[in-house]
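Chains X and P, in that order, are what the protein sequence lines are.
Numbering of the first sequence is given in the numbering used here, commencing with residue 1 and proceeding in unit increments.
Numbering of the second sequence is given in the numbering used here, commencing with residue 1001 and proceeding in unit increments.
Even glycine gets a Cβ: it sits at the ideal position worked out from N, Cα and C.
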Amino acid sequence: MQIRRALESQGFQVVQTRLANENPSFDDRSALANAQTGAVFISLHVSSTGLPGTARVYVNSNLAGGREANGLIPWDRAQYPFLGLSHKFGDLVQGNLAQRFKGSPGSAQASAIRQLRTTAAPAIAVEISSVSVDDRVELDRMAPGVADAVARGVAAFRPSYVVANISGALR
Amino acid sequence: MSARWIRLVLGGLFGAVLIAALYFPILQRRVKQDAKLQPQTEEQARRELTQSLTPTPSEPRVKAKLYWASNANDGSLTPISIDLPLSPDPVLRSKQLLNTLLAGPVDPELRTLPPDAVLLAFYLLSDGTGIADFSEALASSIPSGIESEQLAVDSITRTLAENVPQVMRLKILIHGQEAETLAGHLDLTGSFVVNPKAAQATIDPAAESLLSSNANSRH
Chain X
1 MQIRRALESQ GFQVVQTRLA NENPSFDDRS ALANAQTGAV FISLHVSSTG LPGTARVYVN
61 SNLAGGREAN GLIPWDRAQY PFLGLSHKFG DLVQGNLAQR FKGSPGSAQA SAIRQLRTTA
121 APAIAVEISS VSVDDRVELD RMAPGVADAV ARGVAAFRPS YVVANISGAL R
Chain P
1001 MSARWIRLVL GGLFGAVLIA ALYFPILQRR VKQDAKLQPQ TEEQARRELT QSLTPTPSEP
1061 RVKAKLYWAS NANDGSLTPI SIDLPLSPDP VLRSKQLLNT LLAGPVDPEL RTLPPDAVLL
1121 AFYLLSDGTG IADFSEALAS SIPSGIESEQ LAVDSITRTL AENVPQVMRL KILIHGQEAE
1181 TLAGHLDLTG SFVVNPKAAQ ATIDPAAESL LSSNANSRH
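This is the structure in structure tokens:
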């Protein structure tokens, strides 16, 4: 919710893939994201492990054979044409997170994340460490910093979101 | 009923309560001990059933490099050299290595794979794709999160890359089935690069529908 507010305060429109305890499939979430024009996709997670008080940004690792012979990109490789932009977007958000949370990496890492693979937009996953903290307050304390870092990252990424043959820019 | 009988019944009840009060802490201790012992015993039994891989005297002891989590708790891996009797056969060798990886390091905090997970089978295809079939515990007992799931797969692929040059890619199955993710995050529908150079040389882009490369993730 804090991330939503931080993004809206920067003038962005936010669409959430879920609002309560419903559990849409990966494809359902991607379908909702892919229906937006000029969108970026951010998947938020809290890990069970890792250095408490840190945050990591992940982008999809390389997908081989992105396009079919007919030039179309299959659904299960929808992220393929956006990999470069996702890396740029991820690095910007990770840079902001590293300034706020010591011990966080300086740049985004690549990982084969299922949710990102079918997303036809610059897409990142942000993971906060960790649920293993003694007091939940420690995690809650991170929320404003994470929200601000993500919103600043999206704002910094906006001018570079230009994709040939893919219409739109961030609204 | 006479007063004497009432006293006898009350005395008997009091005695029973006293014995129960004394026995209860002992019972509680035994239940706790059993609970601690049970998973280990089940795990050992499963391992014994699935691992008919006792090294033969002819198998030379080799300094193998296995990858477990580093002490820094920063999501990185550390290589540990261990003297292991390893078969020259790549399939047997892969099984021996993955079983050692599953058995875990000396410090259980540095485990990358759940202690109750079991390697059910390992196959090696002619194109260098290794197929590792793990029990459901690999998916159900691993701490959820991108970092822990990535660490688990990286520890497997890097251990194989270091010790079994024949394995170029790795496909992970859960109980004989293809799983969409390991524990909700990491994509298991593709295969992971084990040996990047060799995998690149043999890859057929048309046949390989999806290759989820982890070559540049944590190496």
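Does any CB atom of chain X fall closer than 7 Å to the CB of P:ASN1216? Walking along the second sequence from the start, residue 1216 of chain P turns up at place 216. Residue confidence for P:ASN1216 is low, a pLDDT of 38 falling below 50, so the modelled location carries little weight; the figure read from the coordinates is stated next. Residue-level contact check: P:ASN1216 touches chain X, since one or more beta carbons of chain X fall below 7 Å from its beta carbon.
My output table needs one value for X:TYR80: the three-state DSSP class, helix, strand or coil. Here residue 80 of chain X refers to the residue found at position 80 when the first sequence is read from its first residue. The DSSP-derived three-state label of X:TYR80 is helix.
Are the CB atoms of X:GLY50 and X:SER129 within a distance shorter than 7 Å? If you number the first sequence from 1, residue 129 of chain X lands on position 129. If you number the first sequence from 1, residue 50 of chain X lands on position 50. Yes, these two residues count as a Cβ contact at 7 Å.
Candidates P:ILE1172, P:THR1181 and P:LEU1182: closest to P:VAL1193 by CA position: The residue given as residue 1193 of chain P occupies position 193 in the second sequence. Cα-wise, what sits closest to P:VAL1193 is P:ILE1172.
Quick one: grab the DSSP three-state call for X:ILE3. Within the first sequence, the letter at position 3 stands for residue 3 of chain X. Shown here, X:ILE3 sits in a helix according to DSSP, grouped into three states.
Output, in chain order, the set of chain X residues within a Cβ distance shorter than 8 Å of P:ILE1146. The residue you call residue 1146 of chain P lines up with position 146 of the second sequence. Simply HIS45, SER47, ARG56, TYR58, SER111, ILE113, ALA125 and GLU127.
Among X:GLY145, X:ILE124 and X:LEU139, which one has its Cα closest to the Cα of X:ASN60? Along the first sequence, one-based indexing puts residue 60 of chain X at 60. Comparing Cα positions, the closest option is X:ILE124.
Through-space distance from P:PRO1115 to P:ILE1174, alpha-carbon basis: On the second sequence, residue 1174 of chain P is found 174 positions in, with the first residue counted as 1. On the second sequence, residue 1115 of chain P is found 115 positions in, with the first residue counted as 1. The alpha-carbon separation between P:ILE1174 and P:PRO1115 amounts to approximately 16 Å.
Mind reading off the beta-carbon distance from P:VAL1118 to P:LEU1084? Whole number of angstroms is fine, and I expect it under 8 Å. Within the second sequence, the letter at position 118 stands for residue 1118 of chain P. Within the second sequence, the letter at position 84 stands for residue 1084 of chain P. About 19 Å separates the two Cβ atoms, so there is no contact after all.
Consider the Cβ of P:LEU1098: report whether some Cβ of chain X lies at a distance smaller than 7 Å. Stepping through the second sequence from its first residue, residue 1098 of chain P is reached at position 98. Answer no: the Cβ-Cβ gap between P:LEU1098 and chain X never drops below 7 Å.
Per-residue DSSP class, three states only, for P:PRO1196: Residue numbering aside, residue 1196 of chain P sits at position 196 when the second sequence is read from its first letter. Reduced to three states, the DSSP call for P:PRO1196 is helix.
Would you say P:LEU1049 lies against chain X (beta-carbon separation less than 7 Å)? Reading the second sequence from its first residue, position 49 is the one you call residue 1049 of chain P. With a pLDDT of only 49 at P:LEU1049, under the threshold of 50, the placement of this residue in the model should not be trusted; the figure read from the coordinates follows. Chain X contact via Cβ: absent.
The beta strand (DSSP E) with X:ARG56 in it runs from where to where? To locate residue 56 of chain X, count along the first sequence from 1; it is residue 56. Counting along the chain, the beta strand (DSSP E) containing X:ARG56 begins and ends at 55-60.
Buried or exposed: which applies to P:ILE1006, given that a residue is buried once 16 or more other Cβ atoms fall within 10 Å of its Cβ? Position 6 of the second sequence, counted from the first residue, corresponds to residue 1006 of chain P. Classification for P:ILE1006: exposed.
Chain X partners of P:GLN1150, CB-CB under 7 Å? As a working mapping, residue 1150 of chain P is identified with position 150 in the second sequence. Correct list: SER111.
According to the neighbour-count rule (16 or more other Cβ atoms, all chains shown, within 10 Å of its Cβ), is X:ASN23 buried or exposed? Here residue 23 of chain X refers to the residue found at position 23 of the first sequence. Its Cβ having fewer than 16 others within 10 Å, X:ASN23 is exposed.
Determine the burial state of P:LEU1186: buried for a count of at least 16 other Cβ atoms within 10 Å of its Cβ, exposed for fewer. Within the second sequence, the letter at position 186 stands for residue 1186 of chain P. Burial call: buried.
X:ARG117 touches chain P at which residues, Cβ-Cβ below 7 Å? The residue labelled residue 117 of chain X in the question sits at position 117 within the first sequence. Near X:ARG117 (Cβ distances below 7 Å), the residues of chain P are ASP1187.
DSSP on X:SER111, reduced to helix/strand/coil? Mapped onto the first sequence, residue 111 of chain X falls at position 111. In the structure shown, X:SER111 sits in a strand (DSSP, three-state: E or B).
Please check the pair P:LEU1101 and P:THR1159, which I expect to be a contact at CB under 8 Å, by giving their CB distance rounded to whole angstroms. Position 101 of the second sequence, counted from the first residue, corresponds to residue 1101 of chain P. Position 159 of the second sequence, counted from the first residue, corresponds to residue 1159 of chain P. So it is a contact: roughly 6 Å between Cβ atoms.
Have a look at X:THR17, X:VAL162 and X:ALA78 and flag the residue whose alpha-carbon is nearest the alpha-carbon of X:PHE89. The residue you call residue 89 of chain X lines up with position 89 of the first sequence. For X:PHE89, the closest alpha carbon among the candidates X:THR17, X:VAL162 and X:ALA78 is that of X:VAL162.
For P:TYR1123, which residues from the same chain have a beta carbon less than 6 Å from its beta carbon, with the 5 sequence-adjacent residues on both sides left out? For the purposes of this step, residue 1123 of chain P is identified with residue 123 of the second sequence, where counting begins at 1. Cβ within range, chain order: ILE1131.
With H, G and I counted as helix, E and B as strand and the rest as coil, what does DSSP make of P:ASP1083? Stepping through the second sequence from its first residue, residue 1083 of chain P is reached at position 83. In the structure shown, P:ASP1083 falls within a strand segment according to DSSP collapsed to helix, strand and coil.
Might you give, ordered along the chain, the residues of its own chain that have their beta carbon closer than 6 Å to the beta carbon of X:HIS87, omitting 5 neighbours on each side? Translated into positions along the first sequence, residue 87 of chain X becomes position 87. Result list for X:HIS87: VAL59, in chain order.
Taking the beta strand (DSSP E) that P:GLY1283 falls in, what are its first and last residues? Nothing can be reported for residue 1283 of chain P, as the shown portion of chain P is limited to 1001 through 1219.
Would you check if the distance between the CB atom of P:TRP1068 and the CB atom of P:LEU1110 is smaller than 7 Å? Along the second sequence, read from residue 1 onward, the residue named residue 1068 of chain P stands at position 68. Along the second sequence, read from residue 1 onward, the residue named residue 1110 of chain P stands at position 110. It is a contact, given that the beta carbons lie within the stated cut-off.
At the level of alpha carbons, what is the spacing between X:VAL93 and P:LEU1092? As a first step, residue 93 of chain X is located in the first sequence; it is residue number 93 there, counting from the start. As a first step, residue 1092 of chain P is located in the second sequence; it is residue number 92 there, counting from the start. So the two alpha carbons sit approximately 44 Å from each other.
Among X:VAL46, X:GLU127, X:ALA78 and X:ASP148, which one has its Cα closest to the Cα of X:GLU8? Looking up residue 8 of chain X in the first sequence gives position 8. Its Cα nearest to that of X:GLU8, the residue X:ASP148 stands out among X:VAL46, X:GLU127, X:ALA78 and X:ASP148.
Would you say X:LEU139 lies against chain P (beta-carbon separation less than 7 Å)? Position 139 of the first sequence, counting from 1, holds the residue named residue 139 of chain X. No Cβ of chain P is located within less than 7 Å of the beta carbon of X:LEU139.
In DSSP terms, what X:VAL126 is bridged to: Numbered from its first residue, the first sequence carries residue 126 of chain X at position 126. Answer is X:LEU44 and X:VAL57, bridged to X:VAL126.
Closer than 9 Å, Cβ to Cβ, to anything on chain P: give me those residues from the segment 74-105 of chain X, in chain order. Residues PRO74, ASP76, ARG77, GLY103 and PRO105.
Classification of X:GLY53 by the beta-carbon crowding that lies within 10 angstroms, buried from 16 upward: Here residue 53 of chain X refers to the residue found at position 53 when the first sequence is read from its first residue. Under this definition X:GLY53 is a buried residue.
Are the CB atoms of X:PRO122 and X:LEU85 nearer to each other than 7 Å? Locating residue 122 of chain X in the first sequence gives position 122, counting from the first residue. Locating residue 85 of chain X in the first sequence gives position 85, counting from the first residue. Cβ distance < 7 Å, so X:PRO122 and X:LEU85 count as in contact.
With a threshold of 6 Å on Cβ separation, who are the neighbours of X:GLY95 within its own chain once the five nearest residues in sequence on each side are excluded? Your numbering for residue 95 of chain X matches position 95 in the first sequence. So no residue of the chain qualifies.
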